[in-house]
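Down below is the structure, laid out as structure tokens.
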Amino acid sequence: MPQIKPVIETFAKIKVIGIGGSGGSAVNRMINAKIKGVDFIAMNTDVQSLGHSLASQKIHIGKTVTRGLGAGMDPEQGRKAAEEAQNEIREVVKDTDMVFITCGLGGGTGSGASPVVAEAAREAGALTVAVVTKPFSFEGVKRREIAEKAWENLAKNVDAIITVPNERIGQVIDKQTTMLDAFKIADDVLRQGVQGISELITMHGIINVDFADVKTIMRDTGSALMGIGIGKGENRAIEAAKMAISSPLLELSIDGARGILFIITGGSDVAMSEIDEAAKIITSSAAEDAKIIFGVIIDEEMKKDEIKITVIATGFDDRQPLTNAEDAFFHYPFFGGKKTTSDNKKNEDNEDNKNPELLVKKAKPAADITPVGISEHKKPAAASAVENEEELEIPTFLRRKMGI
């Protein structure tokens, strides 16, 4: 008996395209992290680098333009290489709901090819999100200039762009950290950006966030903020929320955001009061007319007494720079904490140095931190129809979502 294919696909089709050396490294890290529900594609002018990719699909661009070599910090070569492979690129992004483009800006392939790939993805109707890095200062002025121009070209061709300023990483890691480890950390931050958003779509929750919600928040929005926070213990929701919106993933703060999507992941013991606490912190600095969408995922594999909060914020009129990059970094769950000194480093287990997530110490306790870019918490206005005093403390959008 022939199988009947449904007219509408059940799940959103998500693809991650890593372009150039940095993009390829980030894709490898994502694959090793076992991100589910995502297809990975590596794209490069450098055949040798492409050979090290773990991606199931590899696209060699610029076969006649660069003849298997890299683009040599020449974005024009990268652009020509992508245009030469235009048909293959269009085939890759066809019938795809969401395309992530990840690369390091400042080189030739990522800087030149990424706008071409992004344009093809948007023309195919995909929600197109770029997650990119800008260079460390030690990489020189020329690379920084290339990165800024490439960023402008890429931003014109994507729905949203999440920018990781590598220099923020360089400012807070230990002085003894090797250059190789510094680049590993940058790759891992790219991984977290893609994984954080894709899991919102692919993981089912008791209060669910689906692809339509992500599209509502990210379509045609420009610069975006994406942060992940993890909290433990009695004040875990507060701690996680503060960490998520004080993320070093962006040059922005959450102030004035007109679109916010956040999702809380934890065990079956997640309390309504914790959702309320997190919501107040996350939404306190948003615009009054902000679209706010939230979800809750019960994941029994989470560690006991632990909560993870993922936040996406978009719709900024102007860039809101984080006023203190080092503070933002300290609050981040994976890289947060005070700088390690040489004396402290001697006492660190050697295994820590092999893992980019452990190159700096754990974050400060929530009680010790003042979140970056957060104003005083606003008390939500009470709804006249609600009489219960406890319910008055719950933001209106939460009460509507939960049917209170």
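For the sequence shown, the working numbering gives the first residue as 1308, with consecutive numbering after it.
Think of the CB as a built atom: it goes at the ideal place given N, C-alpha and C, for glycine as much as any other residue.
Bear in mind the structure is a predicted one, so any value in this text is a computation, not a measurement.
Inset, instruction - Indicate the three-state DSSP secondary structure (helix, strand or coil) for Asp-1494 in the structure shown. - result: In the sequence shown, residue 1494 corresponds to position 187, counting from 1. Three-state DSSP puts Asp-1494 in a helix.
Legend entry - Reduced DSSP category for Glu-1613 - H, G, I as helix; E, B as strand; rest coil: Counted from its first residue, the sequence shown places residue 1613 at position 306. In the structure shown, Glu-1613 sits in a strand (DSSP, three-state: E or B).
Inset, instruction - For Ala-1437, write down the residues that DSSP places opposite it in a beta bridge. - result: Against the sequence shown, residue 1437 aligns to sequence position 130. According to DSSP, which records beta bridges pairwise, Ala-1437 is partnered with Ile-1408, Ile-1468.
Inset, instruction - Report all residues from its chain with a CB closer than 6 Å to the CB of Gly-1375; omit the five preceding and five following residues, and keep chain order. - result: Position 68 of the sequence shown, counting from 1, holds the residue named residue 1375. Within the same chain, Gly-1375 has close Cβ partners Val-1354.
Inset, instruction - Grab the span of the alpha helix (DSSP H) containing Gln-1364 for me, first residue to last. - result: What you label residue 1364 is simply residue 57 of the sequence shown in a count that begins at 1. For Gln-1364, there is no enclosing alpha helix (DSSP H); the enclosing beta strand (DSSP E) covers residues 1364-1367.
Legend entry - Contiguous beta strand (DSSP E) assignments of at least 3 residues, all confined to the segment 1539-1607: Entirely contained in the segment 1539-1607, the beta strand (DSSP E) runs reaching 3 residues are, in chain order, 1566-1573, 1598-1605.
Legend entry - Ile-1589 to Ile-1605 span [Cα, whole Å]: Mapped onto the sequence shown, residue 1589 falls at position 282. Mapped onto the sequence shown, residue 1605 falls at position 298. Approximately 20 Å between the Cα atoms of the pair.
Inset, instruction - With a cut-off of 8 Å on the beta carbons, I'd call Ala-1433 and Asp-1404 a contact; round off their distance for me. - result: Here residue 1433 is taken as the residue at index 126 of the sequence shown, counted from 1. Here residue 1404 is taken as the residue at index 97 of the sequence shown, counted from 1. Correct: roughly 6 Å between the Cβ atoms.
Legend entry - Reference Ile-1513, options Thr-1528, Asn-1351, Phe-1601, closest by Cα: Translated into positions along the sequence shown, residue 1513 becomes position 206. The candidate whose alpha carbon is nearest that of Ile-1513 is Phe-1601.
Legend entry - Cβ neighbour criterion (16 or more within 10 Å) applied to Ser-1530: For the purposes of this step, residue 1530 is taken as residue 223 along the sequence shown, with counting starting at 1. Counting Cβ neighbours within 10 Å, Ser-1530 comes out buried, since at least 16 surround it.
Inset, instruction - Examine the Cβ distances between the segment 1363-1382 and the segment 1404-1416 and report whether three or more of them are shorter than 8 Å. - result: Taking a contact to require three or more Cβ pairs closer than 8 Å, the segment 1363-1382 and the segment 1404-1416 qualify as touching.
Legend entry - Any 3 or more C-beta pairs closer than 8 Å across the segment 1515-1525 and the segment 1545-1554: no
Legend entry - Local Cβ density within 10 Å of Phe-1318, reported as buried at 16 or more and exposed below that: Position 11 of the sequence shown, counted from the first residue, corresponds to residue 1318. Answer is exposed; the Cβ neighbour count stays below 16.
Legend entry - Outcome for Thr-1484 when other beta-carbon atoms lying within 10 angstroms are tallied against a minimum of 16: Indexing the sequence shown from 1 puts residue 1484 at position 177. Classification for Thr-1484: buried.
Inset, instruction - Output yes or no for whether 8 Å exceeds the beta carbon distance between Ile-1480 and Val-1438. - result: Locating residue 1480 in the sequence shown gives position 173, where the first residue counts as 1. Locating residue 1438 in the sequence shown gives position 131, where the first residue counts as 1. Not a contact, by the Cβ cut-off of 8 Å.
Legend entry - Endpoints, the alpha helix (DSSP H) within which Gly-1328 is located: Within the sequence shown, residue 1328 is the residue found at index 21, counting from 1. Start and end: 1327-1339.
Legend entry - Where Leu-1412 falls, given that 16 or more other Cβ within 10 Å makes a residue buried: As a working mapping, residue 1412 is identified with position 105 in the sequence shown. Per the 10 Å Cβ criterion, buried.
Inset, instruction - Return the CA-CA distance between Gly-1503 and Asp-1466, expressed in angstroms with no decimal places. - result: On the sequence shown, residue 1503 is found 196 positions in, with the first residue counted as 1. On the sequence shown, residue 1466 is found 159 positions in, with the first residue counted as 1. Cα to Cα, the separation comes out at about 17 Å.
Inset, instruction - Using three-state DSSP, classify Lys-1401 as helix, strand or coil. - result: Position 94 of the sequence shown, counted from the start, is the residue given in the question as residue 1401. Note: Lys-1401 maps to coil in three-state DSSP.
Legend entry - Endpoints, beta strand (DSSP E) assigned at Phe-1445: Position 138 of the sequence shown, counted from the first residue, corresponds to residue 1445. Run containing Phe-1445: none; DSSP gives neither H nor E here.
Legend entry - Same chain only: Cβ atoms within 6 Å of Ile-1321, ignoring 5 sequence neighbours per side: For this step, residue 1321 is matched to residue 14 along the sequence shown. So the list reads Val-1345, Met-1405, Ser-1505, once near-sequence residues are dropped.
Legend entry - Bridge partners - Ile-1513, DSSP secondary structure assignment: By 1-based counting over the sequence shown, the position of residue 1513 is 206. For Ile-1513, which the question treats as bridged, DSSP gives no partner whatsoever.
Legend entry - Length of the line joining the Cα atoms of Val-1424 and Gly-1540: Translated into positions along the sequence shown, residue 1424 becomes position 117. Translated into positions along the sequence shown, residue 1540 becomes position 233. Straight-line Cα distance between these residues: approximately 44 Å.
Inset, instruction - Identify, in the order they occur along the chain, each residue of the same chain with its Cβ nearer than 6 Å to the Cβ of Ile-1614, setting aside the five sequence neighbours on each side. - result: As a working mapping, residue 1614 is identified with position 307 in the sequence shown. Hits under 6 Å: Gly-1538, Arg-1543, Ala-1544, Ala-1547, Gly-1573.
Inset, instruction - Identify every residue that forms a DSSP beta bridge with Ala-1620. - result: Indexing the sequence shown from 1 puts residue 1620 at position 313. Beta-bridge pairing links Ala-1620 to Leu-1532, Ile-1567.
Inset, instruction - Assess, as a yes-or-no matter, whether the segment 1470-1477 is touched by the segment 1443-1455 under the definition of 3 or more beta carbon pairs within less than 8 Å. - result: yes
Legend entry - Proximity winner among Met-1337, Thr-1617, Ala-1392, Lys-1456, relative to Thr-1352 (alpha-carbon distances): Translated into the one-based positions of the sequence shown, residue 1352 becomes position 45. Thr-1352 has its Cα closest to that of Ala-1392, out of Met-1337, Thr-1617, Ala-1392, Lys-1456.
Inset, instruction - From the DSSP output, in three-state form, read off Phe-1318 for me. - result: Within the sequence shown, residue 1318 is the residue found at index 11, counting from 1. Residue state, collapsed to three classes: coil.
Legend entry - Per DSSP, cross-strand counterpart(s) of Val-1347: The residue labelled residue 1347 in the question sits at position 40 within the sequence shown. This sequence places Phe at residue 1347; Val is not what is there. Val-1323, per the DSSP bridge assignment.
Inset, instruction - Check whether the Cβ atoms of Leu-1497 and Leu-1532 lie closer than 8 Å to each other. - result: As a working mapping, residue 1497 is identified with position 190 in the sequence shown. As a working mapping, residue 1532 is identified with position 225 in the sequence shown. Contact flag unset, no.
Legend entry - Extent of the continuous alpha helix (DSSP H) run through Leu-1361: Walking along the sequence shown from the start, residue 1361 turns up at place 54. Leu-1361 -> no alpha helix (DSSP H), and no H or E assigned at all.
Inset, instruction - Could you tell me the boundaries of the alpha helix (DSSP H) in which Met-1525 lies? - result: Counting from 1 along the sequence shown, the entry for residue 1525 is found at position 218. 1518-1525 is the span of the alpha helix (DSSP H), which, as asked, contains Met-1525.
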